[in-house]
Amino acid sequence: MTDNPKTEPDPRPAHEELARLLARAEQGDRAVLPQLRETLDRNEALWRGYGDLASHAEASLILLAAGPNLLMAESLQRKLKSMKQELGGESPSPLERLLIERATATWLQVNYYDALLAQAKGANEGRLKVLQAQQDAAHRRYLAALKTLATVRKLLTPTPAPVEVATWLDGGRRAARRGGVAVPGAVPVQN
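Residue numbers (numbering that gives the first Met the number 0): 0 to 190.
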């Protein structure tokens, strides 16, 4: 009795066909549109990744800031991931996730312009003004993103009921009241 190991089909032809389809679609070949739509319907990860402009913009900013320095690029990717986790907490809402993406992207922008401005010694006055304007605009966008995130978080936090607030104020003890005034040591009466 011999064991016949099951052989898996070679995935290369399917990958090559997909690559050809995607290349034609990227070049604007409308003839592939029905097949492209079917492929995207079957592969959510493909369209989610390709259509994530925020990630593409983030990658472009990292490339711009790091240049050929792979250590810088990897470190920036990890820093942004860490910031997103810190800002997101355990289960951020979809709106919070979008705002966190914006906050981290603008953090990268403002720090990039800070670095450019700091390294611009010897630049002419016109170049310094342009850099300062870019840095100021990036800073305003960063602060706006943080403010919006904080506002949304505040709005998403349920407001405590007045009874709950009252229990916080008296340390969880219910006090008896006479004429609206708490009477220490008295037994509370419920009506």
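We put the beta carbon where it would ideally sit given N, CA and C, even for glycine.
Apart from the five residues on each side of it in sequence, which residues of its chain come closer than 6 Å, Cβ to Cβ, to residue i?
i: R140; result: T105
i: Y112; result: Q133, Q134, A137
i: E73; result: none
i: V109; result: A137, H138, Y141
So which of the options has the shortest CA-CA distance to residue i?
i: Q133; options: L60, L75, T150, L115; result: L115
i: V31; options: S90, H55, E16, G66; result: E16
i: A22; options: R11, L35, R126; result: L35
i: Y49; options: E25, R19, L130, P8; result: E25
i: S54; options: E43, K80, L20, G121; result: K80
Would you mind giving the Cβ-Cβ distance between residue i and residue j, rounded to the nearest angstrom? I have them listed as a contact below 8 Å.
i: M82; j: T103; result: 5 Å
i: E95; j: V151; result: 6 Å
i: L107; j: A65; result: That pair is no contact at about 11 Å.
i: S92; j: L154; result: Actually they are not in contact, since the Cβ atoms of S92 and L154 sit about 11 Å apart, beyond 8 Å.
Is the CB-CB distance between residue i and residue j below 7 Å?
i: I61; j: L75; result: yes
i: L142; j: L98; result: no
i: A144; j: R101; result: yes
i: L130; j: A117; result: no
Cutting at 8 Å between CB atoms, please list the residues of its own chain near residue i, excluding the five before and the five after it.
i: L39; result: L45, W46
i: L20; result: V31, Q34, L35, T38
i: A56; result: A104
i: G87; result: E95, R96, I99
i: A122; result: L130
Cutting at 7 Å between CB atoms, please list the residues of its own chain near residue i, excluding the five before and the five after it.
i: R126; result: A119
i: A13; result: none
i: P10; result: none
For a cutoff of 7 Å on Cβ pairs, would you count residue i as touching chain E?
i: D9; result: Reference to chain E is not applicable here, since this structure consists of a single protein chain.
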